[in-house]
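A.B. asks: The structure follows.
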Amino acid sequence: MNRKTDTPVTVIGLGLMGRALAGAFLKAGHPTTVWNRTTSRADHLVAEGARLAPTVGDALKASPLTIICVTDYPAMRELLGASDGELDGKMLINLTSGDSAQARETAQWAEQRGAHYLDGAIMAIPSAIGTAEAVILHSGPRPDFEAHKPTLDALGTVTYLGADHGLASLYDVAGLAMMWSVLNAWLQGTALLRTAGVDAATYAPFARQIAAEVAGWLPGYAEQIDSGSFPAEVSALETDARAMAHLIEESEAVGVNAELPKLIKAMADRSIAAGHGGEQYPVLIEEFGKPRND
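Position one of the sequence shown corresponds to residue 13 (this note's numbering), numbered consecutively onward.
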């Protein structure tokens, strides 16, 4: 039989996300084996048709494809290291969170044991798994990704980034930087408006409109960054810096924390001092690309 739902899958790690992953495979019709230190976490999945493996080694034997979603990379290597003999020829997809260096090191660790390895990052909450809204990133050898994509499609929108195993982790943290920056900017504005009696619900639609407009600038700004040329087509950085000063002054005047806008202005001031005041805002990529030692 050649239906994609005939492909057996193993899921190791049954936290909230691991249970969601296993549930999505079951819903798509994949014979699913699961393993977790706390076996009671598998009860609902077993009731839905999953098989609970007694050991990690048994879990690995059960399927050609194993998904790992545990606490961190060291935990993953500890769990699988006790079953080295079962890794040879297996396809491992690690959806555990970590950094790009850990991803590359773990890829080498897995390959030394004869396993195929893809690293991944889940850009979704557990309840979204199994829907198109769940974006799941993968990096590593393309043939391995293409071979298992029909199975992985059960999880959501799966995306291949490139051969470098560290790319999924880098995209993950880059996404977090974007998420927290947007939320922090919204919280700063909300705190300011609350001093005038404007509630968060009233401000949210306006903030959403601003965020969407700024997001529309990104493709053009990306062209400037990639070309290394930052003509001030809309506003010069020195003009933006004056607006930053107004934000700081207003925040301090109404008793709102000004640490965030002060940090942003400090970076702009360094760039202006380096001679970039007449260029457009994306020139700050040079500041973001520099480590700070203080």
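The beta-carbon is built from N, C-alpha and C at its ideal position, and this holds for glycine as well.
Everything numeric in this text was worked out from a predicted model, so none of it was measured.
I need the DSSP call for N48, collapsed to helix, strand or coil.
C.D. replies: Counting from one through the sequence shown, the residue named residue 48 turns up at place 36. Coil at N48, not helix or strand.
A.B. asks: Give the straight-line distance between the Cα atoms of D100 and E250, rounded to the nearest whole angstrom.
C.D. replies: In the sequence shown, residue 100 corresponds to position 88, counting from 1. In the sequence shown, residue 250 corresponds to position 238, counting from 1. Distance between the alpha carbons of D100 and E250 is about 59 Å.
A.B. asks: Residues in the same chain with beta-carbon distance under 7 Å from Q119, minus the five sequence neighbours each way, listed in chain order, please.
C.D. replies: Within the sequence shown, residue 119 is the residue found at index 107, counting from 1. Reading off the sequence shown, one finds Ala at residue 119, where the question assumed Gln. Hits under 7 Å: Y129, D131, G152 and H177.
A.B. asks: Let me check one thing: in DSSP terms, what residues is R63 bridge-paired to?
C.D. replies: The residue given as residue 63 occupies position 51 in the sequence shown. R63 is bridged to T45.
A.B. asks: Skipping 5 residues on each side, what residues in its chain have a beta carbon closer than 6 Å to that of A127?
C.D. replies: As a working mapping, residue 127 is identified with position 115 in the sequence shown. Around A127: L99, K102 and L104.
A.B. asks: Distance, Cα to Cα, E299 vs R282?
C.D. replies: Numbered from 1 along the sequence shown, position 287 holds the residue referred to as residue 299. Numbered from 1 along the sequence shown, position 270 holds the residue referred to as residue 282. Cα to Cα, the separation comes out at about 8 Å.
A.B. asks: Quick one: residues in its chain with C-beta nearer than 7 Å to the C-beta of S75, no 5 flanking neighbours on either side, listed in chain order?
C.D. replies: Numbered from its first residue, the sequence shown carries residue 75 at position 63. Correct list, in chain order: P20, V21, T22 and T45.
A.B. asks: Out of D18, A32 and S193, state which residue places its alpha-carbon closest to the alpha-carbon of A227.
C.D. replies: For the purposes of this step, residue 227 is taken as the residue at position 215 of the sequence shown. Nearest C-alpha to A227: S193.
A.B. asks: Output the boundary residues of the alpha helix (DSSP H) element that contains D238.
C.D. replies: Taking the first residue of the sequence shown as 1, we reach residue 238 at position 226. Its alpha helix (DSSP H) spans residues A212 to S239.
A.B. asks: What's the call for D18, buried or exposed, on a 16-neighbour Cβ count within 10 Å?
C.D. replies: The sequence position of residue 18 within the sequence shown is 6, counting from 1. So D18 ends up on the exposed side.
A.B. asks: Would you say V266 and T207 are within 8 Å of each other, going by their C-beta atoms?
C.D. replies: Stepping through the sequence shown from its first residue, residue 266 is reached at position 254. Stepping through the sequence shown from its first residue, residue 207 is reached at position 195. Yes, they are a contact pair.
A.B. asks: Thinking C-beta only, is I80 closer than 8 Å to N106?
C.D. replies: Taking the sequence shown and counting its residues from 1, one reaches residue 106 at position 94. Taking the sequence shown and counting its residues from 1, one reaches residue 80 at position 68. Cβ distance < 8 Å, so N106 and I80 count as in contact.
A.B. asks: If you drop the 5 nearest sequence neighbours on each side, which residues of the same chain put their C-beta closer than 8 Å to that of A113?
C.D. replies: Sequence index remark: in the sequence shown, residue 113 carries index 101 (1-based). The answer, listed in chain order, is G178.
A.B. asks: Tell me, which residues are paired with N106 by DSSP?
C.D. replies: Residue 106 sits at position 94 when you count from the first residue of the sequence shown. For N106, which the question treats as bridged, DSSP gives the partners I80 and D131.
A.B. asks: Among the residues of its own chain, which have a CB less than 8 Å from the CB of S247, if the five just before and after it don't count?
C.D. replies: Here residue 247 is taken as the residue at index 235 of the sequence shown, counted from 1. The residues Q292 and Y293, in chain order, have a CB closer than 8 Å to that of S247 in the same chain once the five nearest residues on each side in sequence are set aside.
A.B. asks: Whole angstroms are fine: how far does the CA of P231 sit from the CA of F242?
C.D. replies: Position 230 of the sequence shown, counting from 1, holds the residue named residue 242. Position 219 of the sequence shown, counting from 1, holds the residue named residue 231. Answer to the nearest angstrom: the Cα atoms are 13 Å apart.
A.B. asks: Would you tell me roughly how many angstroms separate the C-alpha atoms of K73 and E158, rounded to the nearest one?
C.D. replies: The residue labelled residue 73 in the question sits at position 61 within the sequence shown. The residue labelled residue 158 in the question sits at position 146 within the sequence shown. The straight-line gap from Cα to Cα measures roughly 22 Å.
A.B. asks: DSSP three-state call for T22: helix, strand or coil?
C.D. replies: Counting from one through the sequence shown, the residue named residue 22 turns up at place 10. Looking at T22 - three-state DSSP - the assignment turns out to be strand.
A.B. asks: Between M88, S109, L167 and D70, which has its C-alpha nearest T143's C-alpha?
C.D. replies: Here residue 143 refers to the residue found at position 131 of the sequence shown. Checking every option, the nearest Cα to that of T143 belongs to L167.
A.B. asks: Using only alpha-carbon positions, find the residue among E271, H288, K277 and G97 that is nearest to A244.
C.D. replies: As a position in the sequence shown, residue 244 is number 232, starting the count at 1. Comparing Cα positions, the closest option is H288.
A.B. asks: Quick check: V68 and L92, are their CB atoms within less than 8 Å of each other?
C.D. replies: Numbered from 1 along the sequence shown, position 56 holds the residue referred to as residue 68. Numbered from 1 along the sequence shown, position 80 holds the residue referred to as residue 92. Cβ atoms of V68 and L92: closer than 8 Å.
A.B. asks: Excluding sequence positions up to five away, which residues of its chain have a Cβ less than 8 Å from the Cβ of G290?
C.D. replies: Against the sequence shown, residue 290 aligns to sequence position 278. Excluding residues within five positions, the ones whose Cβ falls inside 8 Å are A244, A248, L249 and E250.
A.B. asks: Are Y183 and T202 closer than 8 Å when you measure CB to CB?
C.D. replies: Counting from 1 along the sequence shown, the entry for residue 183 is found at position 171. Counting from 1 along the sequence shown, the entry for residue 202 is found at position 190. No, the pair does not count as a contact, with Cβ atoms beyond the cut-off.
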